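Asks: Sharing a structure below in structure tokens format, with a few things to ask.
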Amino acid sequence: MQSVTLPASLDEAVAALGAMPAAVPVAGGTDLMAAVNQGLLRPAGLVGLSRISELRGWHYQDGHALLGAGLTHARMGRPDFAALIPALAASARAAGPPQIRNAGTLGGNIATAAPTGDSLPVLAALEAELVIAGPDGSRREIPVSHLLAGRDMLEPAELIGFVRVPLLHAPQVFLKATGRTGPGRATASVAIVLDPARRGVRCAVGAIAPMPLRPLEAERWIASLIDWDGERGLAPDALAAFGEYVAAACIPDQAPDDGGEAPPLPPAVLHLRRTVAALARRALGRALS
Ligand SMILES: Cc1cc2nc3c(=O)[nH]c(=O)nc-3n(C[C@H](O)[C@H](O)[C@H](O)COP(=O)(O)OP(=O)(O)OC[C@H]3O[C@@H](n4cnc5c(N)ncnc54)[C@H](O)[C@@H]3O)c2cc1C
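Quick note: the sequence shown, position 190, residue 192 per my numbering, numbers continuous.
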């Protein structure tokens with residue numbers, strides 16, 4: 003490795019990347035150094051983001067929180083952050099063992115864009131936007147879903163600076179299945195966000211596809227059943243039907259081309275569908291309770 007630069011500001015970091023096109027940014031290093039150690043990556047230089055204090059906190063703007071990309075999972079898991087964005091705090095608390103949560107950052111989780119990234123379904127349900135920093139102090143905003151879909155990918159001298167998240171002041175839940183006890187990568191995860199002002203339920207399912215899936219019809223259907231001005235509770239059979247609706251939307255039956263009856267799903271896929279249904283049912287039940 004040729005050089006390591008430790009800029010003190012976001013714009014200095016962008017300039018360092020511009021001056022050294024073969025260098026890569028590193029935040030907590032939990033993903034990047036794993037790739038280096040496995041011999042998958044040999045960067046010519048590193049631009050470290052860990053000394054950029056403006057990326058490690060958050061501030062408020064027009065009913066939104068602007069979260070610095072350098073916020074660690076450990077910081078987001080703390081009670082003051084959980085009071086603001088409960089589902090993101092819950093996903094941060096679930097993101098690996100303590101040493102990973104102490105170092106790993108929100109920006110790294112997004113840039114890596116692994117299907118199992120725990121923050122990703124939460125950001126999809128919140129319809130978060132990314133503030134991308136570019137050369138000469140430029141900033142542009144893109145929906146997080148665009149970056150995860152591979153469109154509007156970052157240019158080499160661009161960095162994720164901030165994540166703009168609406169403050170909804172309503173219950174949010176993140177649940178994750180790992181297929182094992184203790185910390186582990188998600189086999190499936192579900193984020194539920196209530197948006198009472200728009201009388202909406204937003205749901206995203208993580209880990210079962212390259213990017214989080216939004217079951218929009220299931221969201222609209224269940225939102226229409228909720229008494230938004232009353233107690234907001236739902237009967238158990240409605241919660242169960244929502245879980246099934248979400249799961250079938252995300253893991254559909256595979257109808258043959260001739261229009262005949264769909265064959266039964268393979269056992270592992272059926273198990274995954276049941277897991278998603280259970281997570282969605284429980285997450286909505288908790289959000290409404
Ligand atoms: C043992 C282990 C367990 C894990 N368990 C989980 C888990 O349960 N859930 C989970 O979600 N993740 C898990 N992870 C993955 C990892 O910890 C997270 O993805 C973490 O959030 C990455 O952040 P980082 O700061 O360490 O990223 P880094 O490793 O520093 O960077 C990752 C990538 O993002 C780029 N990057 C970093 N910051 C920026 C930025 N601001 N702008 C543009 N590009 C940037 C880097 O160039 C690199 O390509 C685990 C990792 C390990 C090693």
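Where is the CB? At the ideal position from N, CA and C, for every residue including glycine.
Quantities reported herein were computed from a predicted structural model and do not represent experimental measurements.
With DSSP as the reference, identify every bridge partner of SER5, one or two as the case may be.
Replies: BP columns for SER5 point to GLY47.
Asks: With a threshold of 16 other CB atoms inside 10 Å of the CB of HIS148, please say whether the residue is buried or exposed.
Replies: Under this definition HIS148 is an exposed residue.
Asks: Beta-carbon within less than 6 Å of MET22's beta-carbon, same chain only, minus the 5 sequence neighbours each way: which residues are those?
Replies: Taken in chain order, the residues that qualify are GLY47.
Asks: Cβ atoms of ALA130 and VAL167: under 8 Å apart, would you say?
Replies: Result yes, Cβ atoms of VAL167 and ALA130 sit closer than 8 Å.
Asks: Quick check: the stretch 223-238 against the stretch 191-207, are there 3 or more CB pairs under 8 Å?
Replies: Judged by Cβ distances under 8 Å, the stretch 223-238 makes contact with the stretch 191-207, as three or more pairs qualify.
Asks: In its own chain, which residues sit with a C-beta less than 6 Å from the C-beta of THR114, not counting the 5 before and 5 after it?
Replies: ASP33, listed in sequence order.
Asks: Within the continuous alpha helix (DSSP H) that includes HIS75, where are the two ends?
Replies: Per DSSP, HIS75 belongs to the alpha helix (DSSP H) from 75-78.
Asks: Is VAL203 near ligand 1 - that is, is its Cβ less than 7 Å away from at least one heavy atom of it?
Replies: No; taking the cut-off as 7 Å, the Cβ of VAL203 has no heavy atom of ligand 1 nearer than that.
Asks: In the DSSP assignment, find the unbroken alpha helix (DSSP H) run with SER93 in it and report its ends.
Replies: Note, SER93: alpha helix (DSSP H), 88-95.
Asks: Kindly indicate which three-state DSSP category LEU132 falls into: helix, strand or coil?
Replies: LEU132: strand per DSSP, three-state reduction.
Asks: Check this for me: beta carbons of ARG95 and GLY106, under 8 Å apart or not?
Replies: Not a contact, by the Cβ cut-off of 8 Å.
Asks: Rank ASP239, LEU19 and VAL38 by C-alpha distance to the C-alpha of GLY50 and give the top, closest one.
Replies: Measuring from the Cα of GLY50, the nearest candidate turns out to be LEU19.
Asks: Please confirm if the stretch 153-165 is in contact with the stretch 246-261, defined as three or more CB-CB distances below 8 Å between the two stretches.
Replies: They do not touch, by the three-pair rule.
Asks: By alpha-carbon positions, which one of SER11, HIS61 and ALA280 ends up nearest to SER52?
Replies: Considering only alpha carbons, the answer is SER11.
Asks: Is any heavy atom in ligand 1 found nearer than 7 Å to the beta carbon of PRO185?
Replies: The answer is yes for PRO185.
Asks: Consult DSSP for TRP60 and reduce its assignment to one of helix, strand or coil.
Replies: Three-state DSSP puts TRP60 in a strand.
Asks: Would you identify the three-state DSSP class for ALA18, choosing helix, strand or coil?
Replies: ALA18 falls in the helix class under three-state DSSP.
Asks: With DSSP as the reference, identify every bridge partner of SER191, one or two as the case may be.
Replies: Note: SER191 sits in a beta bridge opposite LYS178 and GLY208.
Asks: So, does the stretch 33-45 touch the stretch 65-84, judging by three or more C-beta pairs under 8 Å?
Replies: As far as the Cβ criterion goes, the stretch 33-45 does not touch the stretch 65-84, which means the pair count is below three.
Asks: For LEU286, count the other beta carbons within 10 Å of its own beta carbon; 16 or more makes it buried, fewer makes it exposed. Which is it?
Replies: So LEU286 ends up on the buried side.
Asks: Can you give me the Cβ contacts of GLY235 inside the same chain, cut-off strictly under 7 Å, excluding the 5 residues immediately before and after it?
Replies: If we look at GLY235 and ignore the five residues flanking it on each side, its Cβ neighbours are LEU290.
Asks: Beta-carbon separation of VAL192 and ALA282 under 8 Å?
Replies: Closer than 8 Å, so yes.
Asks: Quick one: Cα of TRP223 to Cα of ALA29, how far?
Replies: For TRP223 and ALA29, the distance between alpha carbons rounds to 41 Å.
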